[in-house]
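J.:
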Amino acid sequence: MRIHGLILLSFLLLAAQVLSEKVRKTAKNVPDSTTEEDMSPSLGKARNKQRSRTSKSMTHGRFVTKDQATCRWAVTEEELGINLKVQCTRADQEFSCVFAGDPTGCLKYDKDQTYWKQVARTLRKQKNICENSKSVLKTRVCRKKFPESNLKVVNPRKEKAEVSPREHNKVQEAVSMEPNKVKVDITTSPAATVAVKDSECLEDPDVLTQRKTALEFCGESWSSFCTFFLNMLQATSC
């Protein structure tokens, strides 16, 4: 009887020890999971902040085009998409234009750095920038799956350099001299007169007689030569 009691007591002590060990492990795991849940949003926020800083630093810059226009560009967010404004100087002329598009769908896939690098490269390759109403800034990373990401010019050549007073005076002088130009003679040209005269001579009776006589006496091969001499001798008007 005493042996049964000792066995039962030992079993109860072992069960209590196992149970306490499980409780302790559970208590350890709860704070760890909470810490991970608390850390994941903070890590996400940090990554988003870093990404936004990268995007902002890459959405403006300077470049020189193939035709030596010195330009700067900057992006502003709009309600639908973005606007990319370009301001340039070339040969003492200042001009600007705006390209518009919506690369939002493409930039969701962590392609913002590549996208803006390719936009900057496309700007540098432009020639006569802001002058062509069909200009489009395309990127390899987005143009196929996201055609709306292509930036199209919306107001070409917005600003132009003002004409100096000296150039304005030259234009006025040129306009005032226009009425004094020599008028072009629009009378009938000599070539037209000769053509009319030749057509009249073909129907002249004297000429027809000369041609017939020359053909009879000189033959077909010499008829033109004989007609010429007959014309000189008879002194017809033709």
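The sequence shown maps to residues -20 to -1, 1 to 218 in mature numbering (1 follows the signal peptide of the UniProt record, and there is no 0). Cβ atoms here follow ideal geometry from the backbone N, Cα and C, with glycine treated the same way.
(1) To the nearest angstrom, how far is it from the Cα of residue 226 to the Cα of Gly41?
(2) Alpha carbon to alpha carbon, what distance is there between Glu1 and Leu(-7)?
(3) Applying the criterion that 16 or more other CB atoms from any shown protein chain within 10 Å of the CB defines a buried residue, is Val116 buried or exposed?
(4) Among Thr189, Lys118, Glu58, Glu200, which residue has its Cα nearest to the Cα of Lys97?
(5) Hey, Asn130 and Arg123: beta-carbon distance below 8 Å or not?
(6) Can you tell me the Cα-Cα spacing of Ala49 and Val55, whole angstroms?
(7) Can you give me the C-alpha to C-alpha distance between Thr6 and Leu(-2), rounded to a whole angstrom?
(8) Using CA coordinates, which residue listed in Ala(-5), Cys51, Trp202, Thr39 is at the minimum distance from Leu87?
(9) Considering only C-alpha positions, which residue in the set Ile62, Ala71, Gln73 is nearest to Gly85?
(10) Could you tell me which residues DSSP pairs with Asn63 in its beta bridges?
(11) Is Leu60 buried or exposed, if buried means 16 or more other CB atoms sit within 10 Å of its CB?
(12) What do you reckon, are the CB atoms on Pro127 and Cys110 nearer than 8 Å?
(13) Taking the beta carbon of Phe208 as the centre, do at least 16 other beta carbons fall within 10 Å, making it buried, or is it exposed?
(14) Which residues in the same chain as Arg52 place their Cβ atom closer than 6 Å to its Cβ, once the five residues preceding and following it in sequence are excluded?
(15) Going by other Cβ atoms of all chains shown within 10 Å of its Cβ, with 16 needed for buried, is Val134 buried or exposed?
(16) So is Ser204 buried or exposed if we call it buried at 16+ other beta carbons inside 10 Å?
(17) Within 10 Å of its beta-carbon, does Leu76 have 16 or more other beta-carbons around it, so buried, or fewer, so exposed?
(18) Exposed or buried, what is Arg106 when buried is set at 16 or more other beta-carbons lying within 10 Å of its beta-carbon?
(19) Roughly how many angstroms separate the alpha carbons of Lys132 and Ala80, rounded to a whole number?
(20) Under the rule that 16 or more other beta-carbon atoms within 10 Å means buried, what is Val44, buried or exposed?
(21) Rounded to whole angstroms, how far is the Cβ of Gly95 from the Cβ of Val121, which I believe are closer than 8 Å?
(22) Could you give the DSSP three-state label for Arg123: helix, strand or coil?
(23) Leaving out five residues before and five after Leu103 in sequence, what residues of the same chain have Cβ atoms less than 8 Å from its Cβ?
T.: Inspection of the coordinates gives the following:
(1) Because the chain spans -20 through 218 in this model, residue 226 falls outside it and cannot be assessed.
(2) 11 Å
(3) exposed
(4) Lys118
(5) yes
(6) 19 Å
(7) 11 Å
(8) Of the listed residues, the one whose Cα sits closest to Leu87 is Thr39.
(9) Ile62
(10) Thr56, Ala80
(11) exposed
(12) No, Cβ-Cβ distance for Pro127 and Cys110 is not below 8 Å.
(13) In this structure Phe208 is exposed. Its beta-carbon is surrounded by fewer than 16 other beta-carbon atoms within 10 angstroms.
(14) Same-chain partners within the cutoff: Arg42, Gln67.
(15) By the neighbour-count rule (16 or more Cβ atoms within 10 Å), Val134 is not buried but exposed.
(16) exposed
(17) According to the sequence provided, residue 76 is Ser. The question's Leu does not apply to it. Answer is buried; the Cβ neighbour count reaches 16.
(18) Note on identity: in this sequence residue 106 is Gln, with Arg being the wrong assignment. Burial is judged here by how many other beta carbons sit within 10 angstroms of a residue's own beta carbon; Gln106 has at least 16 and is buried.
(19) 5 Å
(20) A residue is called buried once 16 or more other Cβ atoms fall within 10 Å of its Cβ, and Val44, having fewer, is exposed.
(21) One point to set straight first is that residue 95 is Tyr, not Gly, in the sequence displayed. At roughly 6 Å, the Cβ-Cβ gap stays under 8 Å, so Tyr95 and Val121 are in contact.
(22) coil
(23) Excluding positions up to five away in sequence, the list reads Phe43, Thr45, Cys51, Trp53, Val66, Ile109, Leu117.
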